[in-house]
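K.L.:
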Amino acid sequence: MAANVSIDPDLCIGAGECVRVAPLAFQIDEDLGVSVPLDPADELDQATLEQIAANCPTGAIQVLIAGVDGRTGGVR
Amino acid sequence: MTEGLLQQYSATIVFDTYEAIRQALHDPNLSRSFDKRSYAEGNIRDGVVSISHGSMQRARRRVENTQFRAERLQLYERELFPKVLDELLDILIDSEQVDVFPVGELLSVVLAARRAGLDADDRSLEQLRRLVHYVDVFSQGAAILDAKDPDAVRALVYETYDEFERRFVRPAWERRARLIEAERDGDPDAEPVPHDILTVLLRHREDPALELLDDGRVVREVATYLQGGTHTSAQTLTNALDLIFAEGDRAEAIIERLASDRAFAQRTVHETLRLRPTTPKMKRRAEADTEVAGVAIPKDALVILDGGRANRDPSRFGQEADRFDPDRVLDPSVPRWGLSFGAGPHQCPGRSVAAGFPAPAHGTDADDSHLFGLIALMLQAVARRGVRPDPDRQPERDTRTERDTRWAHYPVRFERWAPVSAGSPSR
Numbered sequence: 000m001a002a003n004v005s006i007d008p009d010l011c012i013g014a015g016e017c018v019r020v021a022p023l024a025f026q027i028d029e030d031l032g033v034s035v036p037l038d039p040a041d042e043l044d045q046a047t048l049e050q051i052a053a054n055c056p057t058g059a060i061q062v063l064i065a066g067v068d069g070r071t072g073g074v075r
Numbered sequence: 000m001t002e003g004l005l006q007q008y009s010a011t012i013v014f015d016t017y018e019a020i021r022q023a024l025h026d027p028n029l030s031r032s033f034d035k036r037s038y039a040e041g042n043i044r045d046g047v048v049s050i051s052h053g054s055m056q057r058a059r060r061r062v063e064n065t066q067f068r069a070e071r072l073q074l075y076e077r078e079l080f081p082k083v084l085d086e087l088l089d090i091l092i093d094s095e096q097v098d099v100f101p102v103g104e105l106l107s108v109v110l111a112a113r114r115a116g117l118d119a120d121d122r123s124l125e126q127l128r129r130l131v132h133y134v135d136v137f138s139q140g141a142a143i144l145d146a147k148d149p150d151a152v153r154a155l156v157y158e159t160y161d162e163f164e165r166r167f168v169r170p171a172w173e174r175r176a177r178l179i180e181a182e183r184d185g186d187p188d189a190e191p192v193p194h195d196i197l198t199v200l201l202r203h204r205e206d207p208a209l210e211l212l213d214d215g216r217v218v219r220e221v222a223t224y225l226q227g228g229t230h231t232s233a234q235t236l237t238n239a240l241d242l243i244f245a246e247g248d249r250a251e252a253i254i255e256r257l258a259s260d261r262a263f264a265q266r267t268v269h270e271t272l273r274l275r276p277t278t279p280k281m282k283r284r285a286e287a288d289t290e291v292a293g294v295a296i297p298k299d300a301l302v303i304l305d306g307g308r309a310n311r312d313p314s315r316f317g318q319e320a321d322r323f324d325p326d327r328v329l330d331p332s333v334p335r336w337g338l339s340f341g342a343g344p345h346q347c348p349g350r351s352v353a354a355g356f357p358a359p360a361h362g363t364d365a366d367d368s369h370l371f372g373l374i375a376l377m378l379q380a381v382a383r384r385g386v387r388p389d390p391d392r393q394p395e396r397d398t399r400t401e402r403d404t405r406w407a408h409y410p411v412r413f414e415r416w417a418p419v420s421a422g423s424p425s426r
């Protein structure tokens, strides 16, 4: 089940928690100091994506699955 | 000075369960600058990232987090620290009886100073001891709301900032400014610009989002990283030994296991952090009406997050959550250190330096990229020297604070200690 993963660059602080859990799916843009999702992020299983979103310190990671708002990274 | 403190809140709300505190730490309406009036003019921590809120805090963390990338931490843990650790321990453990708390401070301050951006001489114990003195003062300042004499602490912190700036920050600042300029000019013979907090602050200082044009803010920010990088590590090393010694007849076997098993040393550090958080109670102020775990929180409420109790929440850490058990089995989604590094936007940036990456489960090998954290390396190093309780001298807690997880002195004995060798650092 493919997901749509995005990161809000205004909220992200580049802590890199997502990169540590899924180094092939996220990377840090060092010019901006924020994480960006790569193509493999959309293919991660739902449990991993939920964990990554929940662990994001600022709730910057948004996961959309099958049209359902799966944002679990905290209240904005 | 205390008349400016906000003494009255619209409500005081306490959370002490793991999930509620975790939610609260992620709530953007709960600010760490919980008392804006006390953090206004003259505040000892004015403008530092750890008490800031909102877009400025995020902008600051973006540039500062660059110093905590995995490749930089690997350099610290695998190259720089092991060398410093052995050299310094050979000097500091110079007899059978040693106070281990200042040993932990001196070990920790070397890399904390380097990461903060201070050009201290690693081989000068006089300089390192001075830096540890600053850390001690800044730690009192960081815990000022739990201080028994806050006005005295405030005065001492101001005086110490002056010396800290004059002796360490200004020379490091001027050197980095020259190097950054040479780099911008494309000077091929220029010395490389160091990678540290002071450097990134200077590189990005003109960015208005960082709000760093005031020199004092730069000094306080560097001080924050020096203090944060030293204090928790030294206290946790000491707390780990205290918990191990409390195991009585089992202590010696635990120490022998620590000496040979770094993954166990890491789990021991995590278990220590869980049971003995450096900041047992975190405080937040509601910037706006909000709700956490079904509890309505009005604007201007004081929110107390009892992380010490949440770290013993049986729903997350089992029915024997009070027991010291580095091998305890946990759900992988629950950090072994509990909430001791905070969570959310103020999550400790140095967590992976101190405690490494989340420990692999007992019986599982760590992969090549794994980091064990500097405290585990310190703990293993003292275990290898045969650390034992000192039956003749009692440990002393830091009585200047209400926080009961802080030590002032912790005498131990070493079964294996090395005499000072030629060419060692000056005393």
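Protein chains in written order, with numbering that gives the first Met the number 0: chain A, 0 to 75; chain B, 0 to 426.
A virtual CB, placed ideally from N, CA and C, is assigned to each residue, including glycine.
These numbers were taken from a predicted model, which means no experiment stands behind them.
(1) Does chain B have any CB closer than 7 Å to the CB of PRO36 (chain A)?
(2) Suppose the cutoff is 7 Å on Cβ atoms and the five residues either side in sequence are ignored; what does the same chain contact list for ARG405 (chain B) look like?
(3) By DSSP's criteria, PRO36 (chain A) is part of a beta bridge. Which residues make up the other side?
(4) Would DSSP call THR16 (chain B) helix, strand or coil?
(5) For a quick check, are the C-beta atoms of VAL4 (chain A) and ALA40 (chain A) less than 7 Å apart?
(6) Select from A:ILE27, A:ASP30, A:GLU42 the residue whose C-alpha is nearest the C-alpha of ALA2 (chain A).
(7) Taking the alpha helix (DSSP H) that HIS230 (chain B) belongs to, which residues open and close that run?
(8) Measuring only the C-alpha atoms, how far is LEU63 (chain A) from GLU49 (chain A)?
(9) List the residues of chain A whose Cβ lies closer than 7 Å to the Cβ of ASN310 (chain B), in chain order.
(10) Closer than 7 Å, CB to CB, is ASN238 (chain B) near chain A or not?
(11) Leaving aside the five residues before and after ARG350 (chain B) along the sequence, list all residues of the same chain whose C-beta is less than 6 Å from its C-beta, in chain order.
(12) Starting from ILE296 (chain B), follow its DSSP beta bridges and name the residues at the other end.
(13) Could you name the residues of the same chain whose beta carbon sits closer than 6 Å to that of LYS82 (chain B), not counting the 5 residues immediately before and after it, in chain order?
(14) Quick one: list the residues of chain A neighbouring PHE356 (chain B), beta-carbon separation under 7 Å, in chain order.
(15) Roughly how many angstroms separate the alpha carbons of ASP85 (chain B) and ALA380 (chain B), rounded to a whole number?
(16) Using only alpha-carbon positions, find the residue among B:THR237, B:GLU125, B:HIS203, B:LEU88 that is nearest to PRO394 (chain B).
(17) Does the beta-carbon of MET0 (chain B) have 16 or more other beta-carbons within 10 angstroms, so that it is buried, or is it exposed?
(18) Write down every uninterrupted run of the alpha helix (DSSP H) in the stretch 70-131 of chain B whose length is 4 residues or greater and which is fully enclosed by it, in chain order.
(19) Measure from the C-beta of ILE12 (chain A) to each C-beta in chain B and report whether the shortest distance is under 7 Å.
(20) Taking a contact to mean a Cβ-Cβ separation below 7 Å, would you say PRO297 (chain B) touches SER30 (chain B) in this structure?
(21) At the level of alpha carbons, what is the spacing between ILE196 (chain B) and VAL62 (chain B)?
(22) According to DSSP, simplified to helix, strand and coil, what is ASN3 (chain A)?
(23) Within 7 Å of any Cβ in chain B, is that where the Cβ of THR57 (chain A) sits?
(24) Return the CA-CA distance between VAL268 (chain B) and ARG284 (chain B), expressed in angstroms with no decimal places.
(25) Residues of chain B with a CB under 7 Å from the CB of ALA33 (chain A): which are they?
(26) Do LEU144 (chain B) and GLY343 (chain B) count as a contact pair if the criterion is CB distance below 7 Å?
(27) Assign HIS345 (chain B) to one of three DSSP states: helix, strand, or coil.
(28) Can you pull the chain A neighbours of SER332 (chain B), defined as C-beta to C-beta under 9 Å?
P.N.:
This is what the structure gives:
(1) The residue given as residue 36 (chain A) occupies position 37 in the first sequence. By the rule that beta-carbons nearer than 7 Å mark a contact, PRO36 (chain A) does not touch chain B.
(2) For the purposes of this step, residue 405 (chain B) is identified with residue 406 of the second sequence, where counting begins at 1. Excluding positions up to five away in sequence, the list reads GLN234, ARG396, ASP397.
(3) Along the first sequence, one-based indexing puts residue 36 (chain A) at 37. In DSSP, PRO36 (chain A) forms a bridge with A:PHE25.
(4) Against the second sequence, residue 16 (chain B) aligns to sequence position 17. The DSSP-derived three-state label of THR16 (chain B) is coil.
(5) For this step, residue 4 (chain A) is matched to residue 5 along the first sequence. For this step, residue 40 (chain A) is matched to residue 41 along the first sequence. Yes.
(6) For the purposes of this step, residue 2 (chain A) is taken as residue 3 along the first sequence, with counting starting at 1. The candidate whose alpha carbon is nearest that of ALA2 (chain A) is A:GLU42.
(7) Residue numbering aside, residue 230 (chain B) sits at position 231 when the second sequence is read from its first letter. Here the alpha helix (DSSP H) through HIS230 (chain B) covers 214-244.
(8) Reading the first sequence from its first residue, position 64 is the one you call residue 63 (chain A). Reading the first sequence from its first residue, position 50 is the one you call residue 49 (chain A). Cα to Cα, the separation comes out at about 11 Å.
(9) Against the second sequence, residue 310 (chain B) aligns to sequence position 311. Within 7 Å Cβ-Cβ: nothing; ASN310 (chain B) doesn't reach chain A, min ~18 Å.
(10) In the second sequence, residue 238 (chain B) corresponds to position 239, counting from 1. No, its Cβ sits nowhere closer than 7 Å to a Cβ of chain A.
(11) Residue numbering aside, residue 350 (chain B) sits at position 351 when the second sequence is read from its first letter. Once the five neighbours on either side are set aside, the close Cβ partners of ARG350 (chain B) are PHE340.
(12) Here residue 296 (chain B) refers to the residue found at position 297 when the second sequence is read from its first residue. Note: ILE296 (chain B) sits in a beta bridge opposite B:THR289.
(13) Translated into positions along the second sequence, residue 82 (chain B) becomes position 83. The beta carbon of LYS82 (chain B) is closer than 6 Å to none in its chain, skipping five residues each way along the sequence.
(14) Translated into the one-based positions of the second sequence, residue 356 (chain B) becomes position 357. The contacting residues are ARG19.
(15) Counted from its first residue, the second sequence places residue 85 (chain B) at position 86. Counted from its first residue, the second sequence places residue 380 (chain B) at position 381. So the alpha carbons of these two residues sit roughly 8 Å apart.
(16) Stepping through the second sequence from its first residue, residue 394 (chain B) is reached at position 395. The candidate whose alpha carbon is nearest that of PRO394 (chain B) is B:THR237.
(17) If you number the second sequence from 1, residue 0 (chain B) lands on position 1. With a pLDDT of 38 at MET0 (chain B), under the threshold of 50, the modelled position of this residue cannot be trusted, and the question is left open.
(18) 80-91, 99-115
(19) By 1-based counting over the first sequence, the position of residue 12 (chain A) is 13. Chain B contact via Cβ: present.
(20) What you label residue 297 (chain B) is simply residue 298 of the second sequence in a count that begins at 1. What you label residue 30 (chain B) is simply residue 31 of the second sequence in a count that begins at 1. Cβ distance not < 7 Å, so PRO297 (chain B) and SER30 (chain B) don't count as in contact.
(21) Your numbering for residue 196 (chain B) matches position 197 in the second sequence. Your numbering for residue 62 (chain B) matches position 63 in the second sequence. Each residue's alpha carbon lies about 8 Å from the other.
(22) As a position in the first sequence, residue 3 (chain A) is number 4, starting the count at 1. Correct three-state label for ASN3 (chain A): strand.
(23) Locating residue 57 (chain A) in the first sequence gives position 58, counting from the first residue. Yes, contact with chain B.
(24) Indexing the second sequence from 1 puts residue 268 (chain B) at position 269. Indexing the second sequence from 1 puts residue 284 (chain B) at position 285. Computed Cα separation, rounded: 30 Å.
(25) The sequence position of residue 33 (chain A) within the first sequence is 34, counting from 1. The question names Ala, but residue 33 (chain A) in the sequence shown is Val. Residues of chain B passing the Cβ test: ARG61.
(26) Working through the second sequence from its first residue, we reach residue 343 (chain B) at position 344. Working through the second sequence from its first residue, we reach residue 144 (chain B) at position 145. No; because the gap between Cβ atoms is not below 7 Å, this pair is not in contact.
(27) In the second sequence, residue 345 (chain B) corresponds to position 346, counting from 1. Here HIS345 (chain B) sits in helix by DSSP.
(28) By one-based count along the second sequence, residue 332 (chain B) stands at place 333. Correct list: GLN50, ALA53, ASN54.
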